[in-house]
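Here is the structure we will look at, set down as C-alpha cells.
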Amino acid sequence: GNSVTQMEGPVTLSEEAFLTINCTYTATGYPSLFWYVQYPGEGLQLLLKATKADDKGSNKGFEATYRKETTSFHLEKGSVQVSDSAVYFCALSVYNQGGKLIFGQGTELSVKP
Amino acid sequence: DVKVTQSSRYLVKRTGEKVFLECVQDMDHENMFWYRQDPGLGLRLIYFSYDVKMKEKGDIPEGYSVSREKKERFSLILESASTNQTSMYLCASSYSEQFFGPGTRLTVL
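Those sequence lines, one after another, are chains U and Y. For the first sequence, the positions run 1 to 113 when this note's numbering is used. For the second sequence, the positions run 1001 to 1109 when this note's numbering is used.
Written out as C-alpha cells, the structure is:
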C-alpha cells in the first residue's frame, strides 16, 4: 500500500540554524509529493510540491528534491526563522486516485530566538 | 483569494448527540475531502466526494457519514458522537492542489 513516514518531532532549533526534516514514502505507481505547513491555530497550506523524479520544489526558502532511488522527499531550509515554527506534513498522491492525499504523521518545528 | 470555510472553530457535544460539521468552498472545485487530525497520526481521510451526490469512503469511515447536495458544500455527520471522535476535523477541496479550511476542534464529552 501507499504510506509516508516522517522523522519524529518535536524539532527545536535556534534561529538561523539549518533545517532538515526527513520524509520517505512507499507507493505503487508514480506519486506526486508535497510538503504542507500548519501554523498554530490554522489549517494546512501547501508549502511546495514535486510531481516527478528529480524535480525540486521550493518556496519561502524551503526546498525538497524528489529522489526516486531512495524514495525520499526531505525538506530543507538553510536558515530558519522564529516565524517558521509550525507543524510540517509530508504527503503523497498517486495518479488516478482522485487527488487523495496520504499524509505522514507530521513534524513539529520550534525555532527559538 | 481561495476560500474553504468550516462552520465552527470549536464545538463541544455530548456522547450520543448527532453532530453536523459543515464545509463550504468558493472555488467551484469538484473534489472535496474530510480528514481528522490526531497527534502522532497525521491526517487520516474519512470521506471524499468527486461530485454532487457522490461520496467515497476513505481510510476511517466508521461512525461517520457525509452529504453533498450542492457542489460548494460538503457536510460530515456523526450520527451518534462518541468520545473517541474527539479530534480536529479538516475539510479540503481541490482541482489539482488541495486547499484546506481552518479546522473544527470537536470535543465529545
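For each residue, glycine too, the CB sits at the ideal point set by N, CA and C.
Look at U/Gln81: its C-beta is not under 8 angstroms from any C-beta on chain Y. For U/Ser79, the secondary structure class from DSSP, reduced to helix, strand or coil, is coil.
Y/Lys1070 counts as exposed, since fewer than 16 other C-beta atoms from the protein chains shown sit within 10 angstroms of its C-beta. If you compare the alpha carbons of U/Gly61, U/Gly9, U/Val94 with that of Y/Gly1042, the shortest gap goes to U/Gly9. Counting the other CB atoms within 10 Å of its CB gives U/Pro40 a total below 16, which places it among the exposed residues.
Chain-ordered, the chain Y residues with CB closer than 7 angstroms to the CB of U/Phe103 read Gly1042, Leu1043.
About 6 angstroms separates the beta carbon of U/Thr107 from that of U/Val11, a gap short enough to meet the 8 angstroms contact definition.
Counting along the chain, the unbroken beta strand (DSSP E) around Y/Gly1042 starts and ends at 1042-1049.
In this structure, DSSP gives U/Gln105 a state outside helix and strand, which the three-state scheme calls coil.
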